[in-house]
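Undergrad: Every number in my numbering is 184 more than the matching position in the sequence shown, counting from 1. Where a beta carbon is used, it is the ideal one built from N, C-alpha and C, also for glycine.
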Amino acid sequence: MVPTTSLLLLLSLALLAPSLSAEKCVLTGRWTNDLGSNMTIGAVNSKGEFTGTYLTAVTATTNEIKLSPLKGNQHSTNHKSQPTFGFTVNWSFSDSTTVFTGQCFVDKDGKEVLKTMWLLRSHVDSIDDDWKATRVGINIFTRLHKRWQ
Ligand code: BTN
């Protein structure tokens with residue numbers, strides 16, 4: 185007869201095993217997306233807040249592209265290995281703002297990937313132009329290992 189404590193131990197191991205084996209997706213680091221844009225995300229603090237920088241490869245304007253700051257939040261449930269997040273890019277070279285929301289996944293090959301959707305709000309001079317001021321899209325980010333900037 186197996187003692188109750190051993191049974192309880194086996195049961196807890198069986199319950200914990202999936203979460204222990206799941207690899208964690210970490211936002212901090214350098215990322216590149218399908219457009220060739222690059223971003224760096226700093227440390228995520230205990231409240232889930234982070235800051236970083238974004239260098240877009242494309243622009244809806246005719247302005248010269250410059251490095252722009254970003255601010256975001258990772259969902260506060262620390263235990264989740266594939267957290268959701270959101271961040272805002274305050275473009276330094278245009279009057280536009282982009283918000284991204286997404287989830288940090290570990291794919292079947294163990295590679296981290298950020299699946300995001302974004303809304304780009306461009307500045308317009310008149311309320312009559314409001315209808316054409318917002319673009320929507322998706323971006324997929326993978327970790328950048330080589331140096332840039
Ligand atoms: C602007 O054109 O006013 C600012 C740059 C916008 C770049 C957009 S944000 C969504 C998409 N993803 C990128 O990496 N760049 C474009």
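From this set, 247, 230 and 212, which residue's C-alpha is nearest residue 396's C-alpha?
TA: There is simply no residue 396 to check, as the chain begins at 185 and stops at 333 in what is shown.
Undergrad: According to DSSP, is residue 311 part of a helix, a strand, or is it coil?
TA: helix
Undergrad: What does residue 374 pair with, by DSSP beta-bridge criteria?
TA: This structure cannot speak to residue 374, because the chain is shown only from 185 to 333.
Undergrad: So if DSSP puts residue 299 in a beta bridge, which residue, or which two residues, is it bridged to?
TA: 287 and 324
Undergrad: Could you say which of 302, 224, 274 and 284 lies nearest to residue 210 if we only look at CA atoms?
TA: 224
Undergrad: So the candidates are 292, 290 and 252; which of them puts its Cα closest to the Cα of residue 282?
TA: 252
Undergrad: By Cβ distance below 7 Å, which residues in the same chain neighbour residue 336 in space, the five residues on each side in sequence not counted?
TA: Not covered by the structure: residue 336. The range shown for the chain is 185 to 333.
Undergrad: Would residue 306 and residue 227 be called neighbours here (beta carbons separated by less than 8 Å)?
TA: no
Undergrad: For residue 300, tell me which candidate among 309, 320 and 313 has the shortest Cα-Cα distance.
TA: 320
Undergrad: By a C-beta neighbour count over all protein chains shown, 10 Å radius and 16 as the cutoff for buried, is residue 304 buried or exposed?
TA: By the 10 Å Cβ count, residue 304 comes out buried.
Undergrad: Is DSSP giving residue 264 helix, strand or coil here?
TA: coil
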